[in-house]
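Notes for the one structure printed next.
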Amino acid sequence: MTTPTSARRRSIGQVNRMIRSIVEAETLEQFFWVGGRIDRYFKSDLGHVYFDLVDDKTRIRCMMRAEQAGRLPLELRNHLDVEVFGDIHFYEDRAEAQMNVTDLRLSDDSVDATPAVDRLRAQGLYPPEKRTPPSRIRRIGIITSRGSRAIGDFEDAYQSAGERRVLAPVEWKYVILEGDRAIQSIVDAIHAFDKSSAINLIAIIRGGGRSENLAVFDSFEIAEAVIQSKTYFVTGIGHHRDSTLADDVADYATSTPTAVAHYLAELCLRESPANATNTPHRIEHRAASVSAQRDFGRRGAPSQKVEPVSRGPEPPTAGSSRATSVLIVVLLILAVASVAYFIAVLIAQVQ
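If you're matching positions, the sequence shown starts at 3 in our numbering and goes up one per residue.
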C-alpha cells in the first residue's frame with residue numbers, strides 16, 4: 003500500500019488535465035459512428051445544436067455546429083433514433099466529455115418510421131386549431147396514474163387556490179403511463195372523458211422522469227385523440243425542460259402538474275365576481291403565480307389571456323366626499339335660518 007504524502011497531492015485542474023490527456027490520446031481525431039436516441043435537444047441562437055445521445059442506461063453529450071446541422075436532410079427532435087459521426091473532446095473546467103458531431107443520419111430503427119407529426123399533417127390534423135377555455139367550468143376530468151406524486155401536488159395547489167365552493171369538482175381516471183399498454187390506456191381515458199356530458203375540461207398530468215419515460219406522449223395515437231377531442235384540453239407533463247407532442251397539440255400546455263392546478267383554479271375563480279370581491283388578494287397572487295409558470299412553460303404553448311376580475315363598484319373618491327359634506331353644511335344653515343325667522347315672526351305678533 004502506497005503511503006499518502008503531500009508530494010502526491012494534485013489540484014482539481016491537474017487531475018482534469020490528466021484525464022483529458024488520457025482521453026484525447028486515445029480518441030482525438032479518431033472519428034467513428036455511434037448510435038442512440040436524442041434527448042435534451044437544444045438549438046442555440048447561433049444555430050449550433052446540442053443534445054444528449056442516450057441508450058437504456060448511458061448517455062453522452064453531443065454538439066454539432068450550425069453549418070453542419072444546416073446541411074442535414076432531416077429535422078432533429080427529441081426521441082429520434084440516430085447515428086452520429088464525430089470524435090471525443092474533454093473539457094477540463096467541467097470534467098465533461100463531449101462528442102463533436104460532424105455528420106448524423108437516422109438509425110435503422112427510424113428509417114421506416116414516419117414521424118407522428120407527418121402522419122397528423124397528412125390527415126389534416128396538424129397544426130391543430132386551439133380552442134378557448136369554456137366560459138364556465140362545470141367538472142374537470144384529470145388523467146394520471148394511480149399513486150402518482152402528481153396527484154398530491156395538484157390537489158394541494160388546487161385546493162389552496164380558493165374556497166372549495168368556487169372550484170369545479172374533479173373526476174380522476176387512472177391509467178398506465180409507461181410501457182406497451184400505456185398509449186391505449188391514455189387514449190381510452192381521453193375518449194371516455196370526451197363522451198361525458200358532465201366533463202367540459204380534460205387535463206393530463208404526469209411528474210418528471212427520464213425522456214424515455216415520457217416517450218408515450220410523443221405518440222401519434224395520443225396526439226390524434228387530443229386533437230379530435232371536443233373538450234378543452236390541458237397538459238402538465240414532466241418538468242420545465244420537458245416538451246412532448248401532446249403538449250404541442252393541447253389547447254393549453256403548462257410546465258408541471260402544479261402549474262395545471264394554478265391555471266385551472268384561475269379559470270374557476272374568474273367565473274365568480276362575488277368571490278373575487280371578497281378575496282382580491284388571493285386572485286392577484288394566483289394570477290401572478292400562473293404568469294410565472296407560463297414563463298417556464300412549453301415552447302409553443304398558446305397564450306391564454308385571463309380576463310380581469312370584476313371588483314364591484316368603485317368607492318367614492320376624496321373629491322366627491324368633500325362636495326357632499328359642503329352640501330350638507332349649506333342645508334343645515336338654511337334650516338337654522340328658517341327656524342330663526344319663524345321664531346322672530348311669532349315674537350313680533352305676541353308684542
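Where is the CB? At the ideal position from N, CA and C, for every residue including glycine.
Remember, predicted model here, so these are calculated numbers, not experimental data.
Through-space distance from residue j to residue i, alpha-carbon basis
i	j	result
residue 32	residue 89	6 Å
residue 126	residue 93	47 Å
residue 260	residue 328	55 Å
residue 101	residue 201	49 Å
residue 79	residue 49	14 Å
residue 128	residue 251	8 Å
residue 169	residue 271	7 Å
residue 51	residue 68	7 Å
Simplified DSSP state of residue i, which is helix, strand or coil
i	result
residue 351	helix
residue 210	coil
residue 28	helix
residue 100	strand
residue 178	coil
residue 128	coil
residue 143	strand
residue 242	coil
residue 201	coil
residue 336	helix
residue 154	helix
residue 292	In this prediction, residue 292 scores a pLDDT of 37, lower than 50, which makes its location untrustworthy; no coordinate-derived value is stated.
residue 183	coil
residue 237	strand
Top-ranked residue by Cα proximity to residue i, from the options
i	options	result
residue 207	39, 53, 151 and 250	151
residue 233	267, 140 and 71	140
residue 60	238, 213 and 266	213
residue 211	258, 131, 333 and 349	258
residue 77	25, 179, 235 and 40	40
residue 355	79, 169 and 18	Missing from the structure shown is residue 355; the chain here goes from 3 to 353 and no further.
residue 37	74, 110, 29 and 242	110
Presumed contact (8 Å Cβ cut-off) between residue i and residue j, rounded CB distance
i	j	result
residue 106	residue 86	5 Å
residue 269	residue 246	Not confirmed; about 23 Å, so no contact.
residue 163	residue 175	About 22 Å separates the two Cβ atoms, so there is no contact after all.
DSSP beta-bridge partners of residue i
i	result
residue 44	52
residue 39	56 and 83
residue 88	34 and 103
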